[in-house]
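Notes follow once the structure below has been shown.
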Amino acid sequence: MSRIYERSLAIRHLVCGSCNGCEHEMNALAGPAYDITQHGWDLVASPRHADVVTVTGPMTEAMRDAAAATLAATPNPRVVVSVGDCAIGVGPWCGVGSAGDGAGPELGARVSVRGCPPSPDEIVRGLREAARLLDDV
Amino acid sequence: MYAEIAIAPERVRESVAELAATAQALGAYAGEKQVRYLFLRPQGVLCATVDAGVGALPSMANEMPLYDWHEREMREKQGIAFDGHPDTRRLYIGDGPVPEAMTAQGEGVNVVVVGPVHAGIIEPGRFTFSTGGETTIHLDTQFSYGHRDIERALSGRNALEIAPSIARICGGCSIARSWSYALALESLGGIECDEATEYARVVLAELERLYNHVFDLANAASGAGYGRGLTMGLGLKERILQLCAAATQHRLMFDAIVPGGVRTGVLSDPQALRADLHAVRRDVERFAKELFENRSVVRRFAGAGLLDGRTARLFGACGPAGRASGVELDVRTFCAYGAYAGLDVRIANEKGGDVLARCSVKRREIAESFRLIDASLAVLGDSSIQDPQTVECGTGRTTTALEGSRGVETLSIDVSGDGTIERLHVISASYRNWPAAARAMEGNIIPDFPLVNKSFNLCYSCMDR
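Top to bottom, those sequences are chains U and C.
To convert a position in the first sequence, counted from 1, into the numbering used here, add 135.
To convert a position in the second sequence, counted from 1, into the numbering used here, add 176.
This is the structure in structure tokens:
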């Protein structure tokens, strides 16, 4: 079994109505304490460059089209990772007001990272799981 | 103390202008057929109510752009008409079409659209730059991509039960919002917290300011192309978040402040936190010194993203963004709440209005936050903090205003007899500052947008709600 993705993962982040708490923890991945570049991973600026799309938030009406377009621009094989309880569908804003029931299920997520927000270590574990799914393709 | 006065619909313009001249205008929101203009005075929030049941009210947005978004929001959400409002576009997109951007017209004007999905790890928004050559002539912003209709959804719920939701309206200003909500419920319920609880709340609020301001300086360094500054800043933010977790069992301190006090178990070992913060403080000071002694960084900061004092005032800029442009308002001293009155807070004011001035304000506020935390922890000594008091839901309406890390955080609630929320409204510091931040881009080149933007570092979630 190859370990190409596990050692070289391009990650694109997509915010779909999160409270920005998950973004604080996603941002930590680029800092010296977690430094995901040590695994050969990178946060990339375009979905065209991505293997993994991390999504946060319950999904909002106004983000639905832009989220679908972002996913459509991401080449296959790709894995969507739900980061945080809202994205999974169990967070505080799921089904509240005009919010949806989780951006992850709506976008076909195959990996879930629990937490409100999840810690950077937990996000790293979810990303590793996504890389293994890609390596097993 | 919160107070209300009624103003006559035919005298709205004069009355609001008069009040804004003598008090700090916070904005406006609407209740049932009523518009409520909010002002802050040293003695507390003043709410001027106007009957909006009979016809359109005059728009204040032309003379005071501060009211631009507030009026558009009331128009869309409560159906209140404002005569003469300069912008007929929708503020909230919902499932409708995205409003067309307002762009500059003329020969040679180029329009560049960015978003709503951005290249970095940031919340969604659409930015439309009208440029002449490389220089920005006008920046149009379209937000509400994160709109969940929170205020409507939380209405009808029990006031005490929704406290965890209030803490999660926005991850980066959770403590400020939990505190303002607690103050509102405690004032309606007629209870006061003991001294130790008040000092504990100051510790938590200043920890939130610390991690945000350090993060902002890191991002400003990044915007100036100084990678070492970003790395150092992110490393220091992480250390502060770990201290937040040690103090509250949550890295972003969600639910640490609850109505009636602070959650049981928060700040269980004040002196350990004090010692740990001492080590972080030394390294943060070294980081800030290095940043501000780097001449190429300072040259990028100087003159970029200029927000002049007049524009800052008219648009209602507040917090570090206001104080960097000569708007000398900090709620911690202007209308001191909690333990701040006894702490002699030293306010950071600058006049430059550029990225350098905003970063300088934050650098000085970081130093002051460390001092305030240390002083508060000294007062707490080794004593444990008492469990939160039971809050009985009072009835009525109130508005609280306090100083979050991005500026004035305003929260209004209307509670009925059985403790049900009839109306909830949040005016976040980011909502106040975004229109001014957009003006600060004029005359700057697009590649400087990350630098200018990050010198404000505003949230979207508490603005979109």
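We put the CB at the ideal spot given by N, CA and C, even for glycine.
Nearest to residue i (by Cα), restricted to the options the options
| i | options | result |
| --- | --- | --- |
| Gly309/C | Gly583/C, Ile622/C, Arg641/C | Ile622/C |
| Asp316/C | Thr304/C, Ile338/C, Asn286/C | Thr304/C |
| Pro167/U | Gly405/C, Gly495/C, Gln425/C | Gly405/C |
| Gly175/U | Ala165/U, Met198/U, Ser143/U | Ser143/U |
| Gly411/C | Gly260/C, Ala394/C, Ala480/C | Ala394/C |
| Ile146/U | Gly243/U, Ser181/U, Gly235/U | Ser181/U |
| Pro262/C | Gln254/C, Asn238/C, Glu276/C, Pro273/C | Asn238/C |
| Gly580/C | His246/C, Val378/C, Pro292/C, Lys527/C | Val378/C |
| Glu327/C | Ile338/C, Phe319/C, Gln318/C | Ile338/C |
| Ser559/C | Ser356/C, Ile416/C, Val442/C, Gln425/C | Val442/C |
Helix, strand or coil at residue i [DSSP, three-state]
| i | result |
| --- | --- |
| His389/C | helix |
| Pro255/U | helix |
| Ala203/U | helix |
| Phe430/C | coil |
| Thr566/C | coil |
| His323/C | coil |
| Ala232/C | coil |
| Cys223/C | strand |
| His261/C | coil |
| Ser592/C | coil |
| Ser536/C | helix |
| Glu180/C | strand |
| Leu178/U | strand |
| Thr209/U | coil |
| Ala645/C | Nothing in the structure corresponds to residue 645/C, since chain C is present only between 177 and 641. |
| Asn155/U | coil |
| Thr279/C | coil |
| Gly409/C | helix |
Expected contact under 8 Å - CB spacing of residue i and residue j to nearest Å
| i | j | result |
| --- | --- | --- |
| Pro564/C | Val438/C | 7 Å |
| Ala204/C | Glu585/C | Contact doesn't hold; Cβ gap of about 16 Å is too wide. |
| Cys635/C | Asn155/U | 6 Å |
| Val231/U | Ala329/C | 5 Å |
| Ala372/C | Gln562/C | 7 Å |
| Ala515/C | Glu374/C | 4 Å |
| Ala400/C | Phe477/C | 6 Å |
| Leu336/C | Val567/C | 6 Å |
| Ala257/C | Arg248/C | Wrong, their Cβ atoms sit about 11 Å apart, outside the cutoff. |
| Gly192/U | Val150/U | 6 Å |
| Gly409/C | Val390/C | 6 Å |
| Phe546/C | Leu428/C | So it is not a contact: roughly 19 Å between Cβ atoms. |
| Arg499/C | Glu526/C | 7 Å |
Range of the contiguous alpha helix (DSSP H) that encloses residue i
| i | result |
| --- | --- |
| Leu578/C | Unbroken run through Leu578/C is the beta strand (DSSP E), 572 to 580; no alpha helix (DSSP H). |
| Ile367/C | Neither: Ile367/C is in no alpha helix (DSSP H) and is coded neither H nor E. |
| Asp452/C | 446 to 469 |
| Glu190/C | 188 to 198 |
| Asp271/C | Careful: Asp271/C lies outside any alpha helix (DSSP H) and carries neither H nor E. |
| Asp126/C | Chain C is shown only over 177 to 641; residue 126/C falls outside these bounds and no answer can be derived. |
| Ile342/C | 339 to 343 |
| Asp640/C | 637 to 640 |
| Ser560/C | From DSSP, Ser560/C is part of no alpha helix (DSSP H); its letter is neither H nor E. |
| Thr487/C | 485 to 491 |
| Ser631/C | 625 to 632 |
| Val248/U | Val248/U -> not in any alpha helix (DSSP H); beta strand (DSSP E) instead, spanning 246 to 248. |
| Val293/C | Premise fails: Val293/C is in no alpha helix (DSSP H) and is neither H nor E. |
Within 8 Å, strictly: CB atoms of residue i and residue j
| i | j | result |
| --- | --- | --- |
| Val214/U | Gly239/U | no |
| Val591/C | Ile345/C | no |
| Arg324/C | Ser233/U | yes |
| Leu383/C | Cys349/C | no |
| Arg217/C | Ala196/C | no |
| Val289/C | Ile313/C | no |
| Met161/U | Tyr321/C | no |
| Ile297/C | Glu196/U | no |
| Gly366/C | Thr596/C | no |
| His422/C | Leu380/C | Here residue 422/C turns out to be Ala, not His, going by the sequence shown. It is not a contact, given that the beta carbons lie outside the stated cut-off. |
| Ala577/C | Val221/C | yes |
| Ala455/C | Asp624/C | no |
| Ser235/C | Gly260/C | yes |
| Ile582/C | Ala605/C | Looking at the sequence itself, residue 582/C is Arg, so the reference to Ile does not match. Closer than 8 Å, so yes. |
Continuous beta strand (DSSP E) stretch holding residue i: start and end
| i | result |
| --- | --- |
| Tyr213/C | 210 to 217 |
| Val218/U | 214 to 218 |
| Asn286/C | 285 to 290 |
| Arg302/C | 302 to 308 |
| Arg599/C | 597 to 603 |
| His314/C | 311 to 318 |
| Leu284/U | Residue 284/U falls outside the range modelled here, since chain U spans only 136 to 272, and no answer is possible. |
| Thr189/U | 187 to 191 |
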